[in-house]
Every structure is written in structure tokens, then in C-alpha cells.
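In the numbering used here, the protein residues as written are 13 to 438.
The beta-carbon is built from N, C-alpha and C at its ideal position, and this holds for glycine as well.
Take a look at the structure set out below.
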Amino acid sequence: MKKMTKVLAGLVSAAALTLILTACGSSSSSSSSTSKDGTQTVQFFSTKSENGTTYKKLIKEFEKDNPKIKIEYQSPQNQATVLKTDLAKGTFPDVVSIGGDAVFKSMQDAKVFKDLSNESYVKNINPTYKNMITNLYSEKGLYAVPYATNASGVIYNKDLFKKAGITDTPKSWSELIADAKKLKAAGITPFGVAYKDAWTAAVPWDQAAANLTPKNFTTQRLDNKTTFAKTHKEVMSRFLDIIQYGENDFMGQGYNDINTAFAQGKIAMIFQGNWNIPELTKLNKNLNVDMFVSPMSNKAGDSKLVSGVDVALGIYNKTKVSAAANKWVSFLMEKKNAQTYTDEQFAFSAVNGVTQDSKTVAGVKADIEDGKVLDFPDHNYPGALDITKPLSQAALNAKNGMSRSENTTQTLKAFDTAYDSANVKN
Numbered sequence: 013m014k015k016m017t018k019v020l021a022g023l024v025s026a027a028a029l030t031l032i033l034t035a036c037g038s039s040s041s042s043s044s045s046t047s048k049d050g051t052q053t054v055q056f057f058s059t060k061s062e063n064g065t066t067y068k069k070l071i072k073e074f075e076k077d078n079p080k081i082k083i084e085y086q087s088p089q090n091q092a093t094v095l096k097t098d099l100a101k102g103t104f105p106d107v108v109s110i111g112g113d114a115v116f117k118s119m120q121d122a123k124v125f126k127d128l129s130n131e132s133y134v135k136n137i138n139p140t141y142k143n144m145i146t147n148l149y150s151e152k153g154l155y156a157v158p159y160a161t162n163a164s165g166v167i168y169n170k171d172l173f174k175k176a177g178i179t180d181t182p183k184s185w186s187e188l189i190a191d192a193k194k195l196k197a198a199g200i201t202p203f204g205v206a207y208k209d210a211w212t213a214a215v216p217w218d219q220a221a222a223n224l225t226p227k228n229f230t231t232q233r234l235d236n237k238t239t240f241a242k243t244h245k246e247v248m249s250r251f252l253d254i255i256q257y258g259e260n261d262f263m264g265q266g267y268n269d270i271n272t273a274f275a276q277g278k279i280a281m282i283f284q285g286n287w288n289i290p291e292l293t294k295l296n297k298n299l300n301v302d303m304f305v306s307p308m309s310n311k312a313g314d315s316k317l318v319s320g321v322d323v324a325l326g327i328y329n330k331t332k333v334s335a336a337a338n339k340w341v342s343f344l345m346e347k348k349n350a351q352t353y354t355d356e357q358f359a360f361s362a363v364n365g366v367t368q369d370s371k372t373v374a375g376v377k378a379d380i381e382d383g384k385v386l387d388f389p390d391h392n393y394p395g396a397l398d399i400t401k402p403l404s405q406a407a408l409n410a411k412n413g414m415s416r417s418e419n420t421t422q423t424l425k426a427f428d429t430a431y432d433s434a435n436v437k438n
């Protein structure tokens with residue numbers, strides 16, 4: 013699931029991690045061990061508790077074929093904080109399942125992971141997602157292997173589109189707004205907006221920012237060579253347009269409220285990702301639902317799907333059980349096991365030949381497989397930057413009647429202020 017911003021609040025900075033490593037000295041290693049009978053224990057840490065059932069299933073299969081290797085699974089609450097503590101104690105896990113985001117970046121900046129670029133399973137990775145990982149750091153090498161991916165776009169009710177006379181999915185922003193007007197005229201709420209839960213505001217922001225801002229923005233902003241105020245006005249325009257065609261009580265509606273309304277056929281579209289669809293179909297198994305690429309550009313067909321590395325696999329560079337840890341990662345990367353993960357976790361995969369065949373995401377499947385995607389911009393923001401705060405305020409400003417121009421100016425200024433505070437290079 014791409015609720016990344018929820019994790020970032022407890023994230024330790026790269027600078028802090030570096031200090032931790034210095035304090036611990038170069039002798040830090042994992043707490044794994046080899047027993048008298050030769051059995052090796054590999055500590056396996058997941059920063060995503062939702063995938064625990066699948067991992068435990070795969071662990072049983074692995075241990076059956078490898079009786080001399082025991083996989084010790086853990087996925088506690090406050091995972092980023094636990095990893096920081098483990099690093100300080102010198103008990104960092106041997107293998108970490110982690111998102112390709114600021115949490116991973118902070119760990120890699122502290123030189124935690126082993127270079128896996130020469131491992132045989134790397135050749136089976138979609139290069140687009142491999143680049144997303146390597147773009148997070150400056151060193152040469154591959155310090156985590158992309159495993160599972162996701163898709164962030166527009167989830168829509170195909171029956172409601174038909175009811176409103178919409179025969180095709182929109183390919184430009186103007187087409188999307190035209191469709192929103194048709195839906196509204198038919199008595200259907202166009203967009204589900206759930207900003208009571210602040211993290212949901214980051215979804216359309218990422219979709220718009222990925223498609224509408226300069227490709228070098230994150231590196232330029234990190235070096236203080238540009239600002240959000242200069243480059244993100246069109247992004248803010250999209251964000252405020254969505255609110256205009258949402259429910260009146262968008263600040264009082266939460267994630268679950270919107271899911272319920274969508275499942276009941278009251279809302280036509282939600283700016284969300286594939287992770288949201290199982291929640292919707294639980295509420296209504298007969299939903300005729302699919303996804304399409306958010307058409308943020310006014311040029312038809314110019315927008316790309318936002319998709320990131322939901323799970324990557326990293327091996328601690330001071331592990332005592334390197335061969336066993338690598339054998340476990342290699343097992344997970346096997347096509348049949350990656351397919352099991354993809355099916356059970358309703359994910360997409362970075363492993364070539366592994367497909368997500370649900371008709372509920374058919375509209376974005378080809379984009380994933382062809383690598384026609386853009387990473388989540390906030391994966392490249394400083395870890396301490398919580399983008400939900402200025403976005404929540406922007407939504408509240410809109411609710412209270414602030415003009416779009418004033419709201420845009422105030423919000424982007426708040427972004428720049430927050431960014432400068434979070435930017436450890438300043």
C-alpha cells in the first residue's frame with residue numbers, strides 16, 4: 013500500500029543515521045547466528061505489515077527446501093524507528109523488505125545495504141523500477157532489488173460512466189473536467205475527496221507533480237536552485253479543481269467514508285491506487301471498476317502513470333549470514349514466488365514475466381509492463397518533509413472560501429518553508 017506519508021513522520025534523517033553508525037563503530041553486525049548443527053538464522057524485517065501472511069507462506073516453502081536455514085520474520089509497529097534502534101544497537105536485520113522511498117534513502121545514505129548489482133536475479137528486473145531505486149542515491153550499484161510495485165491513478169465506476177453517457181476514459185485534463193461536468197449533471201458526484209484523512213491529499217498531488225513539473229525539479233530543489241512557488245502552480249490548480257468536483261463535506265470525509273460511497277455507486281472516481289481496489293470490492297463484490305492514468309496534462313495522451321517500488325529487498329552489508337540471506341532473496345525473486353506475492357497482495361511486480369491479471373486494473377496494466385511510468389515525487393523529497401500538512405491547509409483554505417490565487421501562493425510558500433527546514437543539505 014502506498015500510504016507512504018504515514019511512515020515519514022517517524023523517519024530518522026540520513027544525518028542522524030550517519031551519527032548512529034559512527035557511534036556504533038565499524039564492527040556493527042546483525043544478531044543472526046549459526047547453531048551447533050549448522051542451522052543459520054536469517055532475520056527478515058518487513059516495513060509493511062500487510063504482506064505478512066504471504067511472507068509467512070513463502071517462508072514455510074523456503075524452509076522446507078532449505079532445512080539448514082531458518083527465516084525469522086518480524087514486522088513491528090513504527091518500523092522506521094525500530095530499524096533506527098536496531099542500527100544503533102548493532103542488531104540490524106539481515107534482509108529488509110522496504111519501500112523505494114525516503115525511508116530506504118535514509119538507510120542507504122548511512123551505507124547500510126550490500127550492493128546486489130552482480131547477483132543473477134537482477135537481470136530479471138524491469139529496468140524502469142531498477143532506475144527508481146538507483147535514483148535515490150549517488151553511489152554506483154544496486155543496494156536494494158525492486159520486488160513489488162504499485163499504480164496510482166484514477167479508480168472509476170464503469171457503470172456510472174455509462175450512465176452519464178461517457179464512452180471512453182479521458183486522455184487530458186480538459187476531457188476529465190468535461191466528464192466531471194457530465195457526471196454532476198447526471199446527479200453523480202464526480203470525485204471522492206477524503207481529506208479528513210490527510211494522507212489521501214498526497215495522492216493527487218503526486219500524480220500532478222510527477223507529470224507537470226520539470227524532470228530535474230527534485231535535484232534542483234535539493235540544491236536550492238528552484239522552488240515549489242516557481243514550478244508547482246499548475247499542480248495546485250489540479251489539486252483545487254478536484255476539490256471543486258468533490259463532495260461538499262470533503263474535510264469531514266475520510267478514506268473509509270469515500271470507499272463506502274464509491275461502493276454504493278454514489279461517487280464515480282477516486283484518485284487512488286491499486287491498493288484501494290480490494291477495499292472497495294470487499295464492500296461490493298459486484299463493482300464494475302477499473303483504473304486509468306490520471307490525465308494531468310492538457311495534451312491528450314501526454315500523461316504517464318505514477319508507479320513506485322512498493323517493496324524492495326535489501327541485504328545488510330554486515331550480516332553474518334550473507335550466503336543464506338542472499339539465498340532467501342533469490343528465492344523470493346523466483347518468478348513463481350513473485351507471482352504468489354503479486355496475486356495475494358494485489359500488487360504489480362518488478363520481476364519480468366510476473367503479471368497482475370485482474371480486470372479491475374486492466375486499464376493500467378500495459379503502462380506498468382511497458383515501463384511507461386513516473387515515480388512518486390515525494391519519494392525524492394527529504395524524509396522529514398510531511399507534505400500532508402500544507403495540502404490539508406490548502407484544502408481547508410478552499411473550504412473556507414479563500415481565493416485560488418491566494419491559496420496557491422500561501423500553500424507553495426508553505427511547501428518551500430517546510431522543505432528548507434527538512435533539507436539536511438541546507
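Query: Quick check on the burial criterion: 16 or more other C-beta atoms within 10 angstroms. Buried or exposed for Glu259?; Result: buried
Query: Indicate the three-state DSSP secondary structure (helix, strand or coil) for Lys339 in the structure shown.; Result: helix
Query: Give the straight-line distance between the Cα atoms of Lys175 and Ser361, rounded to the nearest whole angstrom.; Result: 34 Å
Query: Counting along the chain, where does the alpha helix (DSSP H) carrying Asn419 start and finish?; Result: 416-434
Query: Could you give the residue range of the beta strand (DSSP E) that holds Asp49?; Result: That residue, Asp49, is in no beta strand (DSSP E); it is neither H nor E in DSSP.
Query: Inspect the beta-carbon positions of Phe203 and Met119 and report whether they are closer than 8 Å.; Result: no
Query: Could you tell me which residues DSSP puts in a beta bridge with Lys82?; Result: Thr53
Query: For the beta strand (DSSP E) holding Phe262, just list the boundary residues, first then last.; Result: Phe262 -> no beta strand (DSSP E), and no H or E assigned at all.
Query: Between the alpha carbons of Thr429 and Thr238, how many angstroms are there, rounded?; Result: 13 Å
Query: Here's the rule: buried if 16 or more other CB atoms are within 10 angstroms of the residue's CB, otherwise exposed. What is Pro389?; Result: buried
Query: State the Cα-Cα distance for the pair Asn515 and Thr354, rounded to the nearest angstrom.; Result: Missing from the structure shown is residue 515; the chain here goes from 13 to 438 and no further.
Query: If you draw a straight line from the C-alpha of Lys330 to the C-alpha of Gln52, how long is it?; Result: 15 Å
Query: For Ile178, which residues in the same chain have their Cβ closer than 8 Å to its Cβ, ignoring the five residues on either side in sequence?; Result: Asp191, Lys194, Leu195
Query: Among all the DSSP beta bridges, which residues are the ones paired with Pro88?; Result: According to DSSP, which records beta bridges pairwise, Pro88 is partnered with nothing at all.
Query: For the beta strand (DSSP E) containing Thr201, name the first residue and the last one.; Result: 201-204
Query: Alpha carbon to alpha carbon, how far is Ala324 from Thr146? Give it in angstroms, no decimals.; Result: 12 Å
Query: Thr372 to Val305, Cα distance in whole Å?; Result: 13 Å
Query: For Gln89, does the count of other Cβ atoms within 10 angstroms reach 16, so buried, or fall short, so exposed?; Result: exposed
Query: To the nearest angstrom, report how far apart Thr154 and Leu95 are at their CA atoms.; Result: Per the sequence shown, residue 154 should be read as Leu rather than Thr. Going from the Cα of Leu154 to the Cα of Leu95 covers about 20 Å.
Query: Between the Cα of Gly383 and those of Ser132, Tyr141, Thr46, spot the shortest distance and give me the residue it belongs to.; Result: Tyr141
Query: Name, in chain order, the residues that DSSP records as bridge partners for Pro158.; Result: Ala324
Query: Just list the alpha helix (DSSP H) runs in the region 283-326, keeping only unbroken ones of 4 residues or longer that don't cross its boundaries, in chain order.; Result: 289-295
Query: With a threshold of 16 other CB atoms inside 10 Å of the CB of Pro79, please say whether the residue is buried or exposed.; Result: exposed
Query: For Ile279, which of Glu346, Ile200, Ser45, Leu299 has the nearest alpha-carbon?; Result: Ile200
Query: Which class does Phe274 belong to by DSSP, given the choice of helix, strand or coil?; Result: helix
Query: Just to confirm, are Phe56 and Tyr85 a CB contact at a threshold of 8 Å?; Result: yes
Query: Is Phe274 close to chain B? Criterion is C-beta to C-beta, closer than 8 Å.; Result: The chain labelled as chain B is not found in the depicted structure, where only one protein chain is given.
Query: According to DSSP, which residues form a beta bridge with Val376?; Result: BP columns for Val376 are empty, so no partner.
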